Amino acid sequence: MTETLFKHMRDLPSSHLLGTGTPTCAGCGGLQALHQIYDVFGGKTVFVNAAGCMTLLSVYPFTPFRGSWLYTAMACAPAGAQGIRDALDILLEKGQISADEDLQTVVLTGDGAAYGMGLSATSSAIERGLDFIYLCYDNEGYGNTGQQYSEATPHAARTSTSKGPQGYPGNKKDLFSIWAAHKPRYVATVIGAEPLDLARKIEKAREMPGPRLIIALSPCPTGWDFSPDATTDIGRLAVRTGIWPLKEYENGKVVHTRIPRKRLPVEDYLKRQGRFSHLFEPVRKEALLAEIQGRVDAYWEGIEG
Amino acid sequence: MMRKLLTGNGAAAWSARLARADYIPAFPITPQTEIVETLGNWIDNEQLPARMVTLESEHSMITAAGAAAATGVRVFSATSSQGLLYAMEMLYTVAGWRAPFVLVNVSRGLAAPITLEPDHNDIMAARDSGFLQIHCADCQEVLDSVLMAYRLGEDERVRLPVMVNQDGFYLSFTREPVDIPDPGAAARFLPDYDPENIRFRASAPVSQAVAVLGGAPYSYFRYESHLAARQALEVYDEVAADFEAEFGRKREALEAYRTEDAEYLFVQLGSFATKAREAVDRLREAGWAVGLLRPRLFRPLPEEKIRQALAGRKGVAVIDQNLSPGRGGVLHAELASVLFGHADMPSILVSFIGGLGGRDISTEEFFEMARVTRRAVEDGKAPPPRLLYTETELREVRKLQAIANAERADLEKKP
């Protein structure tokens, strides 16, 4: 693919494939990303789902998907994708289905499955060169069960299992680099608040063979504690503060697709979310704020021109 | 037809080949590994037009198996012991998908302590998963049962995955003469798989295995699985009749050996039942009216056939190669529930636990079990479950303990 169809916002798909009326929370950043991604994928897909918020998209007898769906369990959605992909290939080889009956196999999981329980299954699916797309909606905690911290939770965030004055003591796992270390065909980070960047990456991934993996940071009004109308603002701030770098891995190289000029201070992002309010009230925790800013600065050092 | 010396594992591999399995998700585990190695070799040498994929775990292996079956191809897989338990979440899950495939389990005891040798605790742990279960006593039966299992599971009245169980070592690594049917005869008995509406196609989008809210839809689909498994009883008899017509071998849901006039019966699953057969012959020579019942079909359990076979008998010795700690043998409890409340059933059902972790059950022990059962009938009271163990075995373990204690004492003496 040489040219993107998505040069301007007006080029983005105007018809929306994903149905309305899903049981996700108002302002769900994961659903925002999924809407946009699905529009680019099209309906000739089978989503293979692991336990998480999006499992409740398809509740008998309803589904918002035009295409197909298989719920597996928390740890093994990539193995489900393997079985479907292999079976479709067998049927194609034997001439039992025609090429237009083929489906794009898309794993859909949250960060709980992607960063933790399902990482082994993902690692080996990449190693086997499975022709599939992995879509992780990352809301930085076990959202569906009430936002307990996960391996994707950022440092100092308050979750329902890290309510102390310092918040979550660990650090967000670098899943992008872990995936990229396997040398798959493509890895990218996206966010629903940057639809053009997202559409270009999904368009690119769609046309490639092999393992393609996408992490969509998914601002979560319920889990992160902000008003549902702020999802897009917070998503944009995640990018403009440099907290969520938009980038892609291809052919052994990582390219940043958006380098924020004049990065905003991280606290512009943090103070909009209740999960970080303990960093500002009753007293500002300068050391923690400086630590978070320092990590972001260190990340961008050498990347910013 | 070809007659060859095959291990149980070899017979299992041949059955997958004769069933024309399209897809074989795999993961190695002793004592099952020879099955996937054999299939892999055939695929590499273009003797078997199937696709084999080694997953990173049995959990993923069963997921891939179920997902491929749900896409509409014929799937074969095999595992054992810890592997079966590692896959346990997905056994329940894929059974609920109602996408049929066959899984051979090579029975092996469960940790702890870790062992390679056989008993039935692994397959019993999968009892309530929704998979149907066929238990085999010899290598020929392994081959026959896999072919039958596809017919059974794929039947539109059933649509459930099926496990075929064989004992590790005793069958998996034991060579026996096995009749390998001609591919044509196998195809006559088992036609190509028709997935009907269980499939993924671009022109016919479908959501499979979706969530439900509330107990009403949940119960409905669970009951459907149960009723499908119950229908498998009738379907099994049809499949067995067709199998006998094609291959001349009787593969009944409940195998009865010298039971016609028997007052006492052994009831046992799997390959150790061949030891019971030998004991029955010897006891018959000594004038005992003894027989053997061996359920081949364990899920669904052929209850009516069991009741018919046990009507009017004096006593039953149930031999379990599994142990539910704090309770006893699983087959014993199952049998008691089958008999309870029905007229003319034996009132004495004695429970024996044996053959754990590869431990043998000797002919003398079968004699002793017959004596204990007869005594219980005379006393009108069944004794508590008997754990088979000999004085020699206890002496051996005491020796091992003495070594362990001596080693520890030696270590503790050192500064």
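Top line first, the protein sequences correspond to chains L and P. With my numbering applied, the first sequence covers 1 to 305. With my numbering applied, the second sequence covers 1 to 415. Don't be surprised by glycine CBs; every beta carbon is placed ideally from N, CA and C. Since the model is a prediction, treat every value here as computed from it, not as a measurement.
query: Interface residues of chain P facing L/Arg66 [CB-CB closer than 7 Å]; result: Pro205
query: Range of the contiguous alpha helix (DSSP H) that encloses L/Ile202; result: Pro195 to Arg206
query: P/Gln82, enclosing alpha helix (DSSP H) - first and last residue; result: Ser81 to Tyr86
query: Proximity test, Cβ basis, 9 Å: L/Met1 and chain P; result: Low local confidence applies: a pLDDT of 47 at L/Met1 is under 50, so the model's placement there is unreliable, with the coordinate-based value given in what follows. No, L/Met1 lies away from the interface with chain P (no Cβ there is under 9 Å from its Cβ).
query: P/Leu48 to P/Ser225 span [Cα, whole Å]; result: 33 Å
query: 9 Å Cβ cutoff, P/Lys414 in contact with chain L; result: no
query: Validate contact between the segment 330-341 of chain P and the segment 361-375 of chain P using beta carbons, cut 8 Å, 3 pairs; result: no
query: Inter-residue CB distance, P/Leu387 and P/Ile348 (contact presumed, cutoff 8 Å); result: Wrong, their Cβ atoms sit about 19 Å apart, outside the cutoff.
query: For P/Gly153, the nearest candidate out of P/Asp167, P/Glu46, P/Gly380 and P/Arg74 (CA to CA); result: P/Arg74
query: Straight-line Cα distance separating L/Tyr186 from L/Met1; result: Any answer about L/Met1 is weak, because its pLDDT of 47 lies below 50 and its placement is not dependable; what the coordinates show is given next. Those two C-alpha atoms are separated by around 14 Å.
query: Within 8 Å of chain L by C-beta, residues of the segment 128-149 of chain P in sequence order; result: none
query: Cutoff 9 Å: P/Ser225 Cβ touching any chain L Cβ; result: no
query: Sub-9 Å separation of P/Asn9 and P/Thr38 beta-carbons; result: yes
query: Inside the segment 3-59 of chain L only - alpha helix (DSSP H) runs reaching at least 4 residues; result: 29-41
query: Close Cβ partners of P/Met1 (< 8 Å) along its chain, the five nearest in sequence each way excluded; result: Asp179, Ile180, Pro181, Asp182 and Ala185
query: Test item: CB-CB of P/Ala440 and P/Met90 under 9 Å; result: The structure shown has nothing for residue 440 of chain P, since chain P only spans 1 to 415.
query: DSSP state of P/Cys139 mapped onto helix, strand, coil; result: helix
query: Residue-level contact to chain P via CB, L/Gly83, 9 Å cutoff; result: yes
query: Local Cβ density within 10 Å of P/Ile114, reported as buried at 16 or more and exposed below that; result: exposed
query: Proximity test, Cβ basis, 9 Å: P/Glu56 and chain L; result: yes
query: Cβ-based neighbour list, L/Leu56, same chain, cut-off 8 Å, excluding 5 preceding and 5 following; result: Thr22, Pro23, Thr24 and Asn144
query: Assigned secondary structure, P/Glu46 (DSSP; H/G/I helix, E/B strand, else coil); result: coil
query: Own chain partners of L/Arg272 with C-beta closer than 8 Å, once the 5 adjacent residues on each side are dropped; result: Phe226, Ala230, Asp233, Ile234 and Leu237
query: Beta carbon of P/Val212 nearer than 9 Å to that of L/Tyr115; result: no
query: Close beta carbons around L/Leu264, own chain, < 6 Å, minus the five adjacent residues each side; result: Arg240 and Thr241
query: Close Cβ partners of P/Gly40 (< 6 Å) along its chain, the five nearest in sequence each way excluded; result: Met52
query: Interface residues of chain P facing L/Gly43 [CB-CB closer than 9 Å]; result: Ala202 and Pro205
query: Minimum Cβ-Cβ distance from L/Leu91 to chain P less than 9 Å; result: yes
query: Three-state secondary structure (DSSP) of P/Ala111; result: coil
query: Terminal residues of the alpha helix (DSSP H) in which P/Ala286 lies; result: Here P/Ala286 belongs to no alpha helix (DSSP H), and DSSP marks it neither H nor E.
query: P/Glu304 burial status per 10 Å Cβ neighbour count (16 or more: buried); result: exposed
query: Segments assigned alpha helix (DSSP H), at least 4 residues, entirely inside the segment 165-226 of chain P; result: 183-189
query: Start-to-end residues for the beta strand (DSSP E) that takes in P/Lys305; result: That residue, P/Lys305, is in no beta strand (DSSP E); its alpha helix (DSSP H) goes Glu303 to Leu310.
query: For P/Met163 and P/Arg251, believed in contact at Cβ under 8 Å, the rounded distance; result: Between P/Met163 and P/Arg251 the Cβ distance is about 16 Å, and since that is not below 8 Å, they are no contact.
query: From P/Pro195, P/Pro177 and P/Gly329, residue whose alpha carbon lies closest to that of P/Ile121; result: Sequence inspection shows Asn at residue 121 of chain P; the Ile mentioned does not correspond to that position. Out of P/Pro195, P/Pro177 and P/Gly329, P/Gly329 has the C-alpha closest to the C-alpha of P/Asn121.
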